Structures are given as structure tokens and as C-alpha cells.
Amino acid sequence: MNDALAGLVGLISPMTLLLVLVGTVSGMAIGAMPGLSATMGLALLVPFTFAMDPGPGLVLLGAFYMGAIYGGSFTAILVNAPGTPSSIATAFEGYRLTKQGRSEEAIVAATVGSVVGGLVGVLFLLFLAPPLATFSLRFGPQEYFWVAIFGLTIIVGMSTGSILKGLIGGALGILLGTVGIAPVGGDVRFTFGEPTLQGGVPLVPALIGLFTVPEVIKLVGRRSREYDVQKDSTPEGRTWWHMVVDLFRRPVNLVRSSVIGSLIGILPGAGGSVANLVAYNEAKRTSKERHLYGKGSAEGVVAAESANNATVGGGFIPTLTLGVPGTPPDAIVLGVLLLQGLRPGADLFTQSGDLVYTFAFALALSALMMAPVGLIGGRALQRGVVALPARYLAPAIAVMSIVGAYAIRSSVVDVVIMLVLGVLAYFLGRVGVGVAPIVLGLVLGPIAERGLVQGLLTSTELAMPWTSFFTRPLSIALILMTVAGFLWPLWQNRKKGEVDDMLTEAEKDRA
Amino acid sequence: MIRPRSLAIALVPALALGLSACGDGGDAAADYPTKRIDYVLPFDPGGESDITARLQQAPLEEELGQGVTISYQPGAGGALGWSELTRSRPDGYTVMGCNIPHIILQPMLRDDAGYETEEIKPVYFFQSTPNALLVPADSEMETVEDFVTAAKENPGAMSVGGSGDFSANHIGTLQFADVAGIEVSYTPFDGTGSAVPALLGGHVDALMSYTPQIEQLGDQVKALAIATEEPMEGLDVPTFKDAGYDVVDGAYRGVCVQEDTPEEIVNKLADVFAAVNEDEELVQDFRDQAFNLENYGPEESVELIESRTDQYEELLSKLGMLDR
Amino acid sequence: MRNLLTGGLLVALVISFWVQRDYRFPHTNLLPDATMVVLGALSLWLMVEGWRTRDRHEEHEEEALRWVDLGRAVALLAAWIIALPWLGFVLSSIVFSALIAITMRTEPLTVRRVALDLVVNAGVVLAIYLAFTQVLYVRLPQLGGM
């Protein structure tokens, strides 16, 4: 407890508070740019932390990371460009809200979700780190395989139109994900004889291509927005404060999504990209207003954003207790810890406890700071984007998309991949194959393959290594969840006789 | 896949000399560097290469008298960046991190890696991390001998995790298995970090990792042996050689430039990196990270690559991995 | 009809992947092969569906772009990206973002309007260029390649 107090005292100095503010704001700016990941931004900050003491250095990095994950929601909502893979589900609902002239509501929902999620993640870090870290070790390759398969069942629930087309999208995504060097084994696959395709279809250019490029094409082709921005569908007198209160009236979604995010964050290698999708799907599955999902639901935005910010705290659990980075940005923080001479492990909490607490409190403070910064800055950005004429908005989005696709690997090939996938997504959208299943396949396919092949390689002591996928207790639990996840939406649809409604909806929805 | 490598390697410096002698390269090389230098890493940020580069950044800027920016070009285990390097300008302003054994094994084992080992010109290898064989702290195995005995009892059943394919961990596991006459199943993970939970959770029996992990993971693991010639200072772990297995290898990190870069520039850069390696703070930081300081100049680097190439070629053809 | 066409194209895609099958390490065939079989089967199913409903009247899509507009949008973006390595980021982006803005105008073009579009887009491109190269040290394509 003394450590906690010392940690708090360490935080309350003007210098540290300033660092948190600077970290949060710059993180939000970087996160909002598609193609600039939290990881890349953190790497840029590392040299600055060399000149600092361990405490302030970590405070800056933590606040930056927290802000970056939140910042990704802005572009996802406003121009359908998920700034990071953690905001994929945010784009599903947030951009549709924007199309209805309700982008302010979406920004507020993202802010509330991110703040709560960030705080819940920190609570997990503070109180449950050691037991959860131990539990996470029980996830072996087999379990990762089943987690990915469970994630793929989301396709069934997410197929707005025909399930056949949803499954086709998912399989197409997985197939695109197999291009390039195999995640395990090093085989070069499906490169069409082009060495530059060895790196595969990189996720960020693919996301920009699938989500953003079709919107740019539509803007340019139509010469105007397809939605009427002047029409404000927000009822008179409904200010941002009412929106916030409304969201807190339904705390279940907030809490559940935050817990899902924290738990998935603990699993090294899964991270925000998986967490936001799973939380979104759970929110949809249990929601009373399921019919709104896919057409603009603030709940969906809340679920995705609280889950991804919760992975920040969750991801630091294995980083600090085991020395195993939970997410890619954690690897950078771990590197800085090591450079400062701090050894992660259970000892870190006892020997450098005050430092750990300062860090955790800084994360929490950064999450809190996102509220004012987001509500002022985010809404200002939203007004700007809404007010911008379409003929300037379209080229601006196009420039950002090109820079974003290029910046990840300094490669023009990635920009080409972006455009090709964008045109593909446009046509597939017209025939009723949505981008959501494709993205799911692209994100989860490699995780599934890694688990599958590693599981087979590590079980060579068995006569039939594949049986290990069905005999481990945790695997069995995940299999049951997968079966439930597959059957539940089907059963739900049948029960409500919604299948036909949804089909007609889907017909209207496409294009 | 086997090519007359030694001939090509011998030709490269000659060619580069010839190029720098003619043309207008003379002046540009004499003034070098006159602008910011791009230090490109063909990996994701956050790994050992990144930490090393970040530590070098400030002393490098001091020595060069120019800014140094670090950027990333990840993909295909580094191959994407290295194939890009072969197409970059030979002016010394693009300096790319390069690792042994990656730059040897990728072209050797892939039909078309996008580059050939001799197409990238080593400037300086400044750091290495030797392989280390780790088991969980509660494992019954105490020595390499225990490991070999256990592996012999049940051929092919032991699983050894490591960082990636065609990495030093991978080839090190193959080497060790070959020397000890055992059969183990190597499982590649996504980098050094993600292999660790597989060991701690008991999903693999052992880990072929790098020496810095011994310190980093502390009492969660036991190190059975390290793959160095001599025991390492401050590390109470026997070498494979002590146990009678001639396994000495690890990952070497350095920087490379485009192959046609003038010799003068290469030498200048090499001098700079050599001077950086003398920087007291950097030496201390390297020691803290359990990185080994190495000093391979341009020529020594070529020799290092050549000797490793021969060694790997022999091993891999013996294991039948080159038959295609 | 559209379903029939989509299914056909997907089958073609699967075949283009299938002919490249060439694995040298154990187990790396499992996921891709399974995916190709599944996607192939689903695509055939979609073709069958499309054939069965081929006579059904396809309702007119109000929201779909006309081919002319679609072609214009895609061509502009494609030309931009093709020009990227040759003209460099700054030049190609100013040219094509201004072109996009100009072609998006619905009112008659005047010198004034064209100049305005050019200035606005050049400003945006330069701001982004400076932010990325000078502050964030991201490398962007330079004039004349590389």
C-alpha cells in the first residue's frame, strides 16, 4: 500500500502531469492517422526517454499508448478509415452513424467507451496481474487456434445478408492472408512470382483499402457525399452531456466490453485487433436493439472502443509480470524497462513497486484526460470534417490513405495493394459480400494457422498430434464456445423470424 | 540453390573499387556525409535490432556530424527490406540493419528471396547474442546431458521452441541435434518474446533462445547451456563445448549498404560504427542488455559470412534441406 | 446473374492460387488447402444459386455509381499511384488531388475556381508532407524514384 501511495505522489508533480497530457494528445494525433501505428509512434519516443528518469519516461510512453489506441476511433468514425486495427468494429458502426449525420454521437460514444475501458484495464493491472498472468500461460498454440476459430464465428452473426456470402467473404479474407511467407515454416506461398508479395497482404494497407477506398471512390464518382450532412438527426437540445448520461445508464455493455478487452489483452499475440471484434460481437449478440447493428449503433462503438483501450492495461500484465509483451507496443515499453535496468517479473511489483504504481496511475490519468481532450478536440475535428466540401474531403482522405498505406513499410507495392483491394471491396459490396467478414478472415487466419501448425509441432510426442486439439481442458471449453457462437445467431434469427427481414434489408444496404 | 558464392563474394569488393575509381563518385565520397542518414531496420520496432539501433543513434549522430533517422521496413523476416536495399541508391545514405544468419539462410532456402547474400555489402557487425538452451525452472533437466538423454529415450518427441524460421535459434537447434545425434521437433514462434510463454506454460519442452533472455526471465527458467566458445562473463552457465558438443553460434547484428557503394564511404561508415562501439555509455548499455560487443569491419564481415555460409550449407545439405 | 458472375470469378481466383501450391515444410499446406477447398465449394454454391435465380428480375440499384463515374474515380486514383514512384509524393499528390477536386465540381469551371482548388490541395499535401518527413521521419517517395 505504501508503494501505491508513493506511486501516487510520484505522479502528482506538474512535470509528470504535463508529460501525461503531452503523451495523451500526441498519441491521439498519431493514432488518428491511418498507417501510423501506436508501435511506430512509441519507437519514435524512445530516444527521448533515454534522457529521462525511468518514472517520467514510462509515464510518457504509457500515456502516448493509451491516447493512440483512442485516436484510432476518430478516422474510423469520420471517414471510415480505422486508424489502427483496434478500431475495425468502430468503423462498422461509427461510420454508419456519420452517414446519418450523427457523428457527434459516435465520437462521444467512442470517448466514453475508451475512458471506461482504459480505467478497467488499469484496475486489472493493479489488482489481478499475477494470477491472470499465470492463467494466460495455459493458453498454448492449440488454444490460440480455437480462439481464432471462435473469432471467425462472428462472421455468422455479422452477415447482414445471406450467410453464404458472409462465409465467402471470410474464406476470401483467410485466403488473402495466406499470401507471402507462411507464419510458421517459412514457406513462400502464392506470390504470383512477385518477390515483393513475400511480405503478404499487410493488414493496415488492407484495412485502408477495404474500408476507406470504396468510400473515396463513391465520393469522387458521385461528386458529393452520399449522405446529407446538413440534416441533423440529433433531436433538439440533445447535447453531448445527454449522450454521455445515456451511455452510463446502460453500464452492462461498458463493463462487459472492458472486461473482454482486458482479458484478451493479457493473451500475448491477440491484442486490440481481436478484442474489439469479440466485444462488438458479444454486445450485438446480447443487445436489445440488435436490429440497429450494422446500421449505426452507438452501443457497438462503445463496445469496440472500451475493449481496445482495456487491452492497454491488460497487455501490460504479462509484460510486467512475465517479461512477455502482451501487444506489439508493449514490446517497446518492455525494451525501455530493460534499458533502465528494471527486470520484469513478480519482483518488479515488490522491488520497484512505486514505479509500477506510478506507471499504472499514469495510464489511468491518461484515460481520464482523454475525456476532455476527446470531447473538445474530437468534436472540433468532427465539425471540421462535416463542414469540409466533398471536393476537398475526398482528395484529403486519398492523400492520407496513400501515406498511411505507404508509411508502414515504405513500399509503393502496399499502396497498389490498397487500391486493388479497395476496388475489389467496392464490387463485392455491390453483390452483397461485406468487408467485415473479409477483414475478420485477414486478421484471424494467420493466428489460426500459427496455432494449428505450432500445436502440431509441439505435440510430436503423441502418436496423432492432432488429437491434442481436442483433449486439453481449455481447448474443450473454447470448442464449446465456438459451437455456441456458431449456432446462437442462427437460432436467434430463426426464433425471431428475422431471416427474411434481414435479407430484404441487405438488398437495400448494398451498393 | 547452391551457387558459386565464394567467387561472387571475391568479386564484389573488386567491382565496388572499380566503380568508385571511375565516375564522379570521388568527391561525393570525400565529403560524405553531407545530409541526414537513414538507418533502416527490416523488422518491426521493439526487437533487439531496434533497441541496438536506438542506443547507437545519439553516438552515431555525434560521430557523423549529421542526423540519423531510424525507420522500419518489416516483412518476410527481413527479406523485404533487404531486397529493397539492393534497389536503393549506392550513396551510403541508406544504411540497413542486417542479421546473420538471416541474410545467409533466406536466399539459401527460398527459391527467390528477392535478394542474394552477396548483393548486400556488409559495413560492420557490432553486436551478437549467442544461442542459449532454456528449460522451465521446475524442469527435471539440469544439464545438457539430461536433455540429450531425455531426447534419446523418445526420438522426435521433445519439442524445442525458438524465434522464427531460418533464425539463429532454428539453425542452432538443428546444429545441436545433429552434433548430439538426437531428434527433436523445432517449433518457430513469432520472435523471441512470443516463444517465452510457450516455455513458461509448458507447451514446449525447451527453448532455444538468446543469452539476454537468461537474465531477463530470471528464476522462471533454467539455462542448460550457451553456444559460445568461452563461458560468458557474469553468467553462471556452462557452454555446449563444456558438455562436449561443438555448437557455437548466435545471431550477429550489423549494418549493410547497397553493393555498389564506393569503398571510401563503406570504410568511413565502418570507422564510425567502430568508434560508436567505443562509446562508454553504449558499452555499458550493451552489457546491461547482455549483448555481446563485436567488431567485424567490412572485410572481416565478409569472412564471417563466408565461413557461416559454408558451415550452414554443409549442415543443411546433410539434413537434406537443400535438395530442390 | 451477378451471383453467377461473382461465383465464377471467385472460382477463377481459387484456381489461380491452387496452381501455385508448392509446399516444402510440414503442415504449411493445411490452412491454405482447406481454405481453397471451402472457398471453391462456397463459390460453386453461389454459382448454382445464381443459375437458379437467373431469370429473377434484378432490381435497379439506386445507389450504384454509373460506370462512367466509377471509371473516372478509379482511373484518377490508379494514375496517382502509378505516378507516385516517378513524380514523387509531393508533385503527384498535388497534381492528382487537385484534379480530383476539379473533376468533382458540378458548377462551370473558371480560372478562379481551378486556382482555388490547386492552392487548397497543394496546401494540404505540403502540410502532410512536412509533418511526416520532418516531424515523424517517415520516408515518402521522392521525385525521380526511390
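Residue numbers (the UniProt record's numbering), protein chains in the order written: chain A, 1 to 511; chain B, 1 to 324; chain C, 1 to 146.
Beta carbons: idealized from backbone N, C-alpha and C, even for Gly.
Computed from a predicted structure; not experimentally measured.
Proximity to residue i [Cα-Cα], best of the options
| i | options | result |
| --- | --- | --- |
| residue 514(A) | GLY121(A), ALA38(A), MET52(A), LEU123(A) | The displayed coordinates of chain A run from 1 to 511. Any statement about residue 514(A) would go beyond what the structure contains. |
| LEU133(B) | ALA113(B), CYS98(B), PRO238(B), CYS256(B) | PRO238(B) |
| ILE51(B) | ARG308(B), ARG253(B), LEU207(B), GLU294(B) | ARG253(B) |
| GLY250(B) | LYS35(B), VAL160(B), GLU119(B), HIS170(B) | HIS170(B) |
| LEU254(A) | LEU474(A), ASP414(A), GLY117(A) | GLY117(A) |
| ILE163(A) | LEU5(C), GLY71(C), SER43(C) | SER43(C) |
| VAL120(A) | ALA206(A), SER258(A), GLY269(A) | SER258(A) |
| VAL148(B) | ALA30(B), THR173(B), ALA58(B) | THR173(B) |
| ILE154(A) | ALA89(A), VAL399(A), LEU452(A), PRO14(A) | ALA89(A) |
| PRO325(A) | GLY41(A), ALA133(A), THR49(A), LEU5(A) | ALA133(A) |
| ASP22(C) | ILE208(A), HIS291(A), THR191(A) | THR191(A) |
| VAL125(C) | TRP45(C), ARG139(C), LEU91(C) | LEU91(C) |
| ALA81(A) | GLY404(A), MET481(A), LEU462(A) | GLY404(A) |
Contact with chain A by residue i, beta-carbon distance below 8 Å
| i | result |
| --- | --- |
| ARG287(B) | no |
| ALA157(B) | yes |
| MET47(C) | no |
| GLN20(C) | yes |
| THR53(C) | no |
| THR149(B) | no |
| PRO197(B) | yes |
| ALA206(B) | no |
| ILE100(B) | no |
| SER301(B) | no |
Exposure of residue i, with buried meaning 16 or more beta-carbon neighbours within 10 Å
| i | result |
| --- | --- |
| GLU230(B) | exposed |
| ASP55(C) | exposed |
| LYS165(A) | buried |
| ILE476(A) | exposed |
| MET221(B) | As written in the sequence, residue 221(B) is Val, which differs from the Met given in the question. Classification for VAL221(B): buried. |
| ASN276(A) | buried |
| LYS152(B) | exposed |
| VAL135(C) | exposed |
| THR106(C) | exposed |
| ARG472(A) | buried |
| GLN142(A) | buried |
| LEU304(B) | buried |
Min CB distance residue i to chain B below 8 Å
| i | result |
| --- | --- |
| TYR137(C) | yes |
| MET146(C) | Unreliable positioning characterises MET146(C) in this predicted model, as indicated by a pLDDT of 43, which lies under 50. A coordinate reading is not provided. |
| MET40(A) | yes |
| GLY341(A) | yes |
| ALA131(C) | no |
C-alpha distance - residue i paired with residue j, whole-angstrom precision
| i | j | result |
| --- | --- | --- |
| ASP165(B) | GLY83(A) | 31 Å |
| LEU175(A) | PHE17(C) | 9 Å |
| GLY156(B) | GLN175(B) | 15 Å |
| LEU474(A) | SER136(A) | 11 Å |
| VAL114(C) | ALA390(A) | 15 Å |
| LYS241(B) | ARG287(B) | 23 Å |
| THR28(C) | VAL184(A) | 7 Å |
| VAL112(A) | GLY271(A) | 20 Å |
| GLY57(A) | GLN351(A) | 18 Å |
| GLY315(A) | PRO108(C) | 56 Å |
| ASP246(B) | VAL144(B) | 12 Å |
| ILE128(C) | PHE96(C) | 15 Å |
| PRO202(A) | LEU224(B) | 38 Å |
Residue-chain proximity (residue i, chain C), Cβ-Cβ < 8 Å
| i | result |
| --- | --- |
| ASP24(B) | Unreliable placement is indicated for ASP24(B), whose pLDDT of 43 sits below 50; the coordinate value is still reported in the next sentence. Not closer than 8 Å to any Cβ of chain C, the Cβ of ASP24(B) fails to qualify, so no. |
| ASP354(A) | no |
| TYR357(A) | no |
| PHE190(A) | yes |
| GLN213(B) | no |
| ALA182(A) | yes |
Proximity test, Cβ basis, 8 Å: residue i and chain D
| i | result |
| --- | --- |
| ASP38(B) | Protein chains A, B and C are contained in the structure displayed, whereas chain D is not. |
So does the region 132 to 147 of chain B actually touch the region 200 to 210 of chain B, counting three or more Cβ pairs closer than 8 Å? yes
I want to know whether the region 19 to 29 of chain A touches the region 61 to 75 of chain A - three or more CB-CB distances under 8 Å. yes
So, does the region 295 to 308 of chain A touch the region 91 to 105 of chain A, judging by three or more C-beta pairs under 8 Å? yes
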